[in-house]
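K.L.:
Mind having a look at this structure? Questions to follow.
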Amino acid sequence: MKKGNILLVIIAISTLISFMSFVGTKDDVQTKEQLGEKLFFDPILSGDNTISCSSCHKPEFAFADTATFSIGIKGNLTSRNSPGLTNLSGRPHLFWDGRASSLEEQALGPITSATEMGLPIEDAVKKLNENKYYADAFQKIFKSTPTKDNLLKAIASFERTLETSNSPYDRYINGDDNALTASAARGRLLFIGKANCNNCHSGEDFTADRFKSIGLYNGKDLNDPGRSKITNNKTEDGEFKIPSLRNVAVTAPYMHNGKFKTLKSVVEYYNNPSLIVKDGINRDLSLDKPLNLNDGEINDIVEFLKALTDDRFKQKFASN
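The opening residue of the sequence shown carries number 333 in the numbering used here; numbering runs sequentially from there.
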């Protein structure tokens, strides 16, 4: 076997082992987390048995999608980019517009959405009750037949296991001075200094759990109002939930509309938003002035963002 082929086989085996904690392999589930994992990967929760949660939230990409808009039931496209699902445990707002306040509430949305999985929750429960495997599994774990509540609890329980904290950055802050490259270390200082990224991306998961308008709404070609569609508050036009930056290097494309294909293009936007979107409505005041980052500084910030990637995803770096 050629050397290149051997390397590909090794990488494939390593990747498979890496995801064993995420991808369901046991038919005999023992916990609600394992049951939720089984359901997450099963198209039984879609109207025509073609779409599962994992269709739009792919494990190898930190449970995000690599498409600008995901393909739902009958070829329908989602209206927003599918974000990653790692490190969502305890987050007070879910979805880009924050319309859900718990992972249970979040799990309900895609299942019942006509353009995503297209299955009324009553029909989902009926399908599970008519399926001997799931009827037995729910009885075993919840001491109950499948219901709306325990279905959503199972999926949410699995999603709460998707916490990641084994990245070069984590090793760096835990005392390994060599865990970051020189470029990433410079990028970290820029992130918390000149670039002021941590004004919004703060804390251990790099999110302030707030809503911000970064200028990607103009009411014309950029016409998704975001948070204000939920609150009916015009002062929130163009605001979206600040996402976590953990594993961000593998979750391209970026923003609610997938406008930016690489991390570099994201940082270039923040460096001077008006050069890219001149008529953004309600853009946060912190973005009014250019950051004046040079090319080297932009590249350093990108390297720092890559260092937030958990080791299990390091084979999936996009061309950022």
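Heads up, the beta-carbon is just placed ideally off N, CA and C, and yes, glycines get one too.
Does DSSP put Y549 in a helix, in a strand, or in coil?
P.N.:
Counting from one through the sequence shown, the residue named residue 549 turns up at place 217. It is coil, neither helix nor strand.
K.L.:
Just to confirm before moving on: does the CB-CB distance between S662 and F395 stay below 8 Å?
P.N.:
An answer regarding residue 662 cannot be provided, because it is not within the stretch 333 to 652 covered by the chain.
K.L.:
Closest to T563 by CA distance: which of A432, L494, L640 is it?
P.N.:
For the purposes of this step, residue 563 is taken as residue 231 along the sequence shown, with counting starting at 1. Among A432, L494, L640, the Cα nearest to that of T563 is on A432.
K.L.:
Any C-beta of chain B sitting closer than 8 Å to the C-beta of E491?
P.N.:
Any reference to chain B falls outside this structure, which holds one protein chain only.
K.L.:
Indicate whether L577 and F538 have their beta-carbon atoms separated by less than 8 Å.
P.N.:
The residue you call residue 577 lines up with position 245 of the sequence shown. The residue you call residue 538 lines up with position 206 of the sequence shown. In contact: L577 and F538 (Cβ atoms closer than 8 Å).
K.L.:
I need the straight-line Cα distance from T418 to S618, nearest angstrom please.
P.N.:
Numbered from its first residue, the sequence shown carries residue 418 at position 86. Numbered from its first residue, the sequence shown carries residue 618 at position 286. Each residue's Cα considered, the two are about 28 Å apart.
K.L.:
I'd like to know whether the C-beta atoms of P415 and D541 end up nearer to each other than 8 Å.
P.N.:
As a position in the sequence shown, residue 415 is number 83, starting the count at 1. As a position in the sequence shown, residue 541 is number 209, starting the count at 1. Cβ distance not < 8 Å, so P415 and D541 don't count as in contact.
K.L.:
Considering only C-alpha positions, which residue in the set E436, S421, F427 is nearest to S497?
P.N.:
If you number the sequence shown from 1, residue 497 lands on position 165. Measuring from the Cα of S497, the nearest candidate turns out to be S421.
K.L.:
Taking contact to mean at least 3 C-beta pairs separated by less than 8 Å, is the segment 478-495 in contact with the segment 360-368?
P.N.:
Yes, the segment 478-495 is in contact with the segment 360-368.
K.L.:
Given E495, which residues of its chain have a CB within under 8 Å of its CB, disregarding the five upstream and five downstream residues?
P.N.:
Counting from one through the sequence shown, the residue named residue 495 turns up at place 163. For E495, where only same-chain residues beyond five positions count, the Cβ hits under 8 Å are T418, N419, S421.
K.L.:
How big is the Cα-Cα spacing for E369 and S545?
P.N.:
On the sequence shown, residue 369 is found 37 positions in, with the first residue counted as 1. On the sequence shown, residue 545 is found 213 positions in, with the first residue counted as 1. Their backbone Cα atoms lie some 34 Å apart in a straight line.
K.L.:
What separation, rounded to the nearest whole angstrom, lies between the Cα atoms of E568 and N463?
P.N.:
The residue labelled residue 568 in the question sits at position 236 within the sequence shown. The residue labelled residue 463 in the question sits at position 131 within the sequence shown. About 45 Å.
K.L.:
Give me, in chain order, the residues of the same chain whose beta-carbon lies closer than 6 Å to that of G356; leave out the 5 immediate sequence neighbours on both sides.
P.N.:
To locate residue 356, count along the sequence shown from 1; it is residue 24. Confidence is the limiting factor: at G356 the pLDDT is only 44, short of 50, which leaves the residue's position unreliable, though a coordinate-based value still follows. Answer for G356: E369, K370, F373, listed in chain order.
K.L.:
Is M449 closer than 8 Å to G404 when the C-beta atoms are compared?
P.N.:
As a working mapping, residue 404 is identified with position 72 in the sequence shown. As a working mapping, residue 449 is identified with position 117 in the sequence shown. Contact: yes.
K.L.:
If I measure Cβ to Cβ from S515 and keep anything under 6 Å in the same chain, skipping five residues before and after, which residues do I get?
P.N.:
Here residue 515 refers to the residue found at position 183 of the sequence shown. The residues are D632, E635.
K.L.:
Assuming the contact rule is C-beta atoms closer than 8 Å, G570 and W428 should be a hit. Round their C-beta distance to whole Å, please.
P.N.:
Walking along the sequence shown from the start, residue 570 turns up at place 238. Walking along the sequence shown from the start, residue 428 turns up at place 96. With a Cβ gap of about 11 Å, G570 and W428 do not count as contacting.
K.L.:
Hey, how far is the Cα of Q438 from the Cα of L426?
P.N.:
Taking the first residue of the sequence shown as position 1, residue 438 is located at position 106. Taking the first residue of the sequence shown as position 1, residue 426 is located at position 94. Cα to Cα, Q438 sits roughly 7 Å from L426.
K.L.:
Decide if S387 is buried, meaning its Cβ has at least 16 other Cβ atoms within 10 Å, or exposed.
P.N.:
Here the question's residue 387 lines up with position 55 in the sequence shown. Under this definition S387 is a buried residue.
K.L.:
Can you tell me which of the three DSSP states L607 falls into?
P.N.:
The residue labelled residue 607 in the question sits at position 275 within the sequence shown. L607: helix per DSSP, three-state reduction.
K.L.:
Quick one: give me the first and last residue of the alpha helix (DSSP H) that T444 is part of.
P.N.:
Walking along the sequence shown from the start, residue 444 turns up at place 112. Taken as a continuous stretch (DSSP letters only), the alpha helix (DSSP H) holding T444 covers 435-444.
K.L.:
Let me make sure I understand the geometry here. Which of K526, L554, V457, N589 has the alpha-carbon closest to that of D481?
P.N.:
Position 149 of the sequence shown, counted from the start, is the residue given in the question as residue 481. That would be V457, whose Cα lies nearest to the Cα of D481.
K.L.:
Helix, strand or coil: which one does DSSP assign to G430?
P.N.:
Against the sequence shown, residue 430 aligns to sequence position 98. Correct three-state label for G430: coil.
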